[in-house]
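Chemist:
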Amino acid sequence: MTPPYDKVTSGDTDQTEYVAKIFNEMAGEYDNLKDLWYSYTFEEIERIIRISLHPTRGSDNKPLALDVGCGTGIQSLVLAQMGYRIEGIDIADDLISIAKAKLGNAGFVDSHFQHADARSLPFDDNVADFVNCCGPTLSFVTDWRTALREISRCLKPGGKLLLEVEGKWTLDMFWEVINAIICNRLGYDKPLGQTIRQFLPPWRVGHFIDYSFVLESGETVRMHLKLFTAYELKHELEEVGLVIEKRWGLHFLTNFIPSTILHRADTGPLTRSLFHRLATIERRVFNAWPFNALGCSLLVIARKKG
Ligand SMILES: C[S@@+](CC[C@H](N)C(=O)[O-])C[C@H]1O[C@@H](n2cnc3c(N)ncnc32)[C@H](O)[C@@H]1O
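Numbering (the working numbering), first residue to last: 44 to 349.
#1: Is R290 near ligand 1 - that is, is its Cβ less than 8 Å away from at least one heavy atom of it?
#2: In whole angstroms, what separates the C-alpha of S316 from that of R290?
#3: Taking the alpha helix (DSSP H) that F183 belongs to, which residues open and close that run?
#4: Compute the distance between the beta-carbons of T263 and D160, then report whether it is under 9 Å.
#5: What I want to know is whether the C-beta of R346 ends up closer than 8 Å to one or more non-hydrogen atoms of ligand 1.
#6: Please indicate yes or no: does the CB of C177 lie closer than 8 Å to some heavy atom of ligand 1?
#7: State yes or no: is the C-beta of L270 nearer than 8 Å to some heavy atom of ligand 1?
#8: From G338 to L214, what distance separates their C-alpha atoms?
#9: Measure from the C-beta of P245 to each C-beta in chain D and report whether the shortest distance is under 9 Å.
#10: Got a sec, what are the start and stop residues for the alpha helix (DSSP H) P312 sits in?
#11: Thinking C-alpha only, which one of K64, F329, S182 and A108 is nearest L296?
#12: Give me the Cα-Cα distance between D133 and Q118, rounded to the nearest whole angstrom.
#13: Compute every distance between the C-beta of R162 and the non-hydrogen atoms of ligand 1, then say whether any falls below 8 Å.
#14: The beta strand (DSSP E) with V220 in it runs from where to where?
#15: What residue does the alpha helix (DSSP H) around I88 start on, and which one ends it?
#16: Helix, strand or coil for T45 per DSSP?
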């Protein structure tokens, strides 16, 4: 597949259709991503949801959770089990079908999924008690500010957002430089000049990278991915009326092992053992400064003012 852009650092070109096509192609493999990286990420997101985002019941109606970029409904299912009524949206129809079947089979017949774009949410103002936007969906949306405004518009005052985005400050930045020097042995597939440019200012805001990965079919695909800093996230959320209450940095320490190795399905026992040790330490500190501003995934819970 040819990406709809040719520049690396700009997010100007809309890639929505292209992203939908890639995720539809991943429909068969998405729920079977068993590598160390995704297993840990999904586990921690679920743990945070279960511990921090219990629904408060004001009336007989179930509280409403919007799942923006719901994919196959991994977080939708957790939220439904906790007592939320789910409205999920995504641009990838094949993933939506899986989410529908998953929640339907689990008996959550009041959940609803539809094709929609995060930049134009098909919901009224101030309706949602909670919005989930993990995966990290926002990093795939070229016009991510519009999506953030939409999320805030749909949240009730006092309602909460769980947002996961790709972080800028990671150990992968260093691995990418090393990889370019050792002739792509780690498989990051980035030229040296590009890996070095990532260290240049401005340091307080993120940028778009050209992210490539291999599908189960063996095809390599590339997408624009927006990286964020914690500083930028705080200010951008405030711009749309959201205040950060908690923040976590995921994979700042586990990334002592290159992410390309952690994405392999066949990691050996030594790598697994080292990964689990690093993850155990990371979990102890990942919500404390400065660790909660570092890592490949930044996770925040933000509350709508009012
Ligand atoms: C990595 S998946 C995450 C899915 C799910 N939240 C999870 O954690 O498993 C990212 C999702 O974002 C969706 N997505 C990307 N751009 C979108 C947009 N503009 N509007 C809605 N969904 C979008 C993709 O189709 C994909 O399903």
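Note that CB positions come from ideal geometry on N, CA and C, so glycine has one too.
All of these numbers come straight from a predicted model, not from anything done at the bench.
Modeler: The answer reads as follows:
#1: no
#2: 27 Å
#3: T180 to F183
#4: no
#5: no
#6: yes
#7: no
#8: 8 Å
#9: Although the question refers to chain D, the structure presented lacks it and comprises just one protein chain.
#10: P312 to V328
#11: F329
#12: 13 Å
#13: yes
#14: Premise fails: V220 lies in the alpha helix (DSSP H), D215 to I224, not in any beta strand (DSSP E).
#15: L79 to S95
#16: Model confidence at T45 stands at a pLDDT of 43, short of 50, so the residue's coordinates are unreliable; what they give is reported in the following sentence. T45: coil per DSSP, three-state reduction.
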